[in-house]
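Chains B and U, in that order, are what the protein sequence lines are.
Per the numbering used here, the very first residue in the first sequence carries number 62; after that it's consecutive.
Per the numbering used here, the very first residue in the second sequence carries number 2; after that it's consecutive.
Written out below as structure tokens is the structure these notes cover.
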Amino acid sequence: MTDFLRSDVMLAFAVMTAVTVASRLGGYWLMGYVNVTPRVRRMLDALPGSIIVAAALPVAVNGGPVVIFAIFAAMAVTIIRRNDFIAVIVGMAVAAAARALGFGG
Amino acid sequence: MHNTHIPKAPAYWSRAAILPGIVAIGPMLPGTLAFGMAFGALCAQKNFSLAEVVVMMGTVYGGLSQFVAVQSWPDVLTPGTIATLALLTLTVNIRFMLMSATLRPWFGTLPAWQAYSSMLLVTDGGWLAAMRYRDRGGADAMFYIGGGIVLYLVWLVAAIPGFLLAEQLTDPKKYGVDLVMPAFYAAMLVPAWKGPRRAIPWVVSGVVALLVHWLVAGWWFIIAGALSGALSAGFMDEPEKSGAAA
Chain B
62 MTDFLRSDVM
72 LAFAVMTAVT
82 VASRLGGYWL
92 MGYVNVTPRV
102 RRMLDALPGS
112 IIVAAALPVA
122 VNGGPVVIFA
132 IFAAMAVTII
142 RRNDFIAVIV
152 GMAVAAAARA
162 LGFGG
Chain U
2 MHNTHIPKAP
12 AYWSRAAILP
22 GIVAIGPMLP
32 GTLAFGMAFG
42 ALCAQKNFSL
52 AEVVVMMGTV
62 YGGLSQFVAV
72 QSWPDVLTPG
82 TIATLALLTL
92 TVNIRFMLMS
102 ATLRPWFGTL
112 PAWQAYSSML
122 LVTDGGWLAA
132 MRYRDRGGAD
142 AMFYIGGGIV
152 LYLVWLVAAI
162 PGFLLAEQLT
172 DPKKYGVDLV
182 MPAFYAAMLV
192 PAWKGPRRAI
202 PWVVSGVVAL
212 LVHWLVAGWW
222 FIIAGALSGA
232 LSAGFMDEPE
242 KSGAAA
């Protein structure tokens with residue numbers, strides 16, 4: 062059985078937390094020195110979509126056909142119903158069902 | 002078509018936006034719970050104590066980075082291996098920097114302590130929901146905080162059932178848990194669609210992310226793709242003028 066709170070583990074968590082908090086605060090802090098010109102505005106406006114694609118596309122390509130198909134299913138549901146909740150459930154259900162049927166990935 | 006260049010109201014606080022903010026992140030709650038449970042199960046297999054897992058949920062508070070770190074958790078923690086974990090965490094979580102940057106035009110008029118405390122709640126889902134609200138002209142900071150606090154509390158406890166049920170959850174993929182974030186992302190991308198021109202940065206982001214993913218080990222592809230996409234949007238001309246220089 063492991064100890065309740067190991068001190069070396071706590072130290073590792075503290076370092077990871079410091080890095081993450083610095084990321085969360087750092088962008089806001091840096092933007093205090095940036096003049097929001099129309100160009101910067103366009104860059105900020107493009108960020109949500111860019112982050113989504115950059116984070117999800119390699120994971121999808123890596124995940125194989127089941128993951129890609131499940132993501133398309135989630136997008137199709139969103140286009141039809143505009144309901145994020147149903148989209149997530151459908152994405153999970155499609156992947157779970159495909160794997161239960163023996164499709165890999 | 003929505004015009005994003007209309008001046009938007011500065012941030013204010015009112016209770017009226019708490020409930021809408023919670024409703025907006027509602028679709029993420031089951032997925033967050035499932036993701037947290039899968040993480041708890043992973044931690045149980047890696048011999049963390051339940052107390053340690055809860056501490057990590059509440060302090061690091063970055064689901065993907067926690068997963069990546071625990072999956073490659075070293076047998077012995079030394080200054081070297083802790084530095085490796087820190088770098089890994091940075092590559093996964095540096096996207097939060099971009100997210101909090103986009104919140105400055107909205108939160109910038111608030112007192113610094115309020116704005117910086119708010120930034121501690123930046124997550125993928127909470128931020129995306131807040132951006133969508135802002136895009137529609139919303140200015141009530143409570144919308145973001147209300148949803149953010151609920152997400153935090155759900156995440157804080159989500160690992161506990163997973164940790165305790167670890168034997169049943171050894172293969173979270175069986176339940177499609179790995180689709181939680183991609184499916185939510187995909188759902189958020191659809192309403193962000195404002196015509197092919199505005200999607201050019203997405204293509205740039207995707208191509209760069211894939212290339213970096215194939216060429217560079219680790220998780221740099223997120224920040225590389227996101228930054229490239231945003232920069233390409235900055236180099237494009239205003240839609241009124243013809244000829245994009247992307």
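We put the CB at the ideal spot given by N, CA and C, even for glycine.
- Nearest to L30 of chain U by C-alpha distance, out of B:V97, B:F146 and B:L108, is B:F146.
- Contact note: L118 of chain B reaches chain U through G207, A210 and L211, using a C-beta cutoff of 7 Å and chain order.
- Interface with chain U (8 Å Cβ-Cβ cutoff): Y94 of chain B is excluded.
- Cβ-Cβ distances below 8 Å link A134 of chain B to V151, G152 and V155 in the same chain, with the five nearest sequence neighbours on each side left out; the list follows chain order.
- Nearest Cα to F74 of chain B within the set U:L89, U:Q46 and U:T33: U:L89.
- Below the 7 Å Cβ cutoff, chain U contributes no neighbours of L162 of chain B, its closest Cβ being approximately 12 Å away.
- Around the CB of A116 of chain U, 16 or more other CB atoms lie within 10 Å, so the residue is classed as buried.
- DSSP places D238 of chain U in the coil class of the three-state scheme, outside both helix and strand.
- A buried status is given to G32 of chain U, since no fewer than 16 other beta-carbon atoms sit within 10 Å of its beta-carbon.
- Nearest C-alpha to F222 of chain U among U:L211, U:A231, U:L232 and U:G230: U:L211.
- Assignment of Y153 of chain U by DSSP, reduced to helix, strand and coil, places it in the helix class.
- Only buried fits N94 of chain U, as 16 or more other CB atoms lie within 10 angstroms of its CB.
- Nearest in C-alpha terms to G37 of chain U, of all of U:M182, U:A84, U:G196 and U:W114, is U:M182.
- Taking 8 Å as the Cβ-Cβ cut-off, the segment 153–178 of chain U approaches chain B at K174, K175, Y176, G177 and V178, given in chain order.
- Taking G219 of chain U as the centre and dropping the five residues before and after it, the same chain places the C-beta of T92 closer than 6 Å to its C-beta, in chain order.
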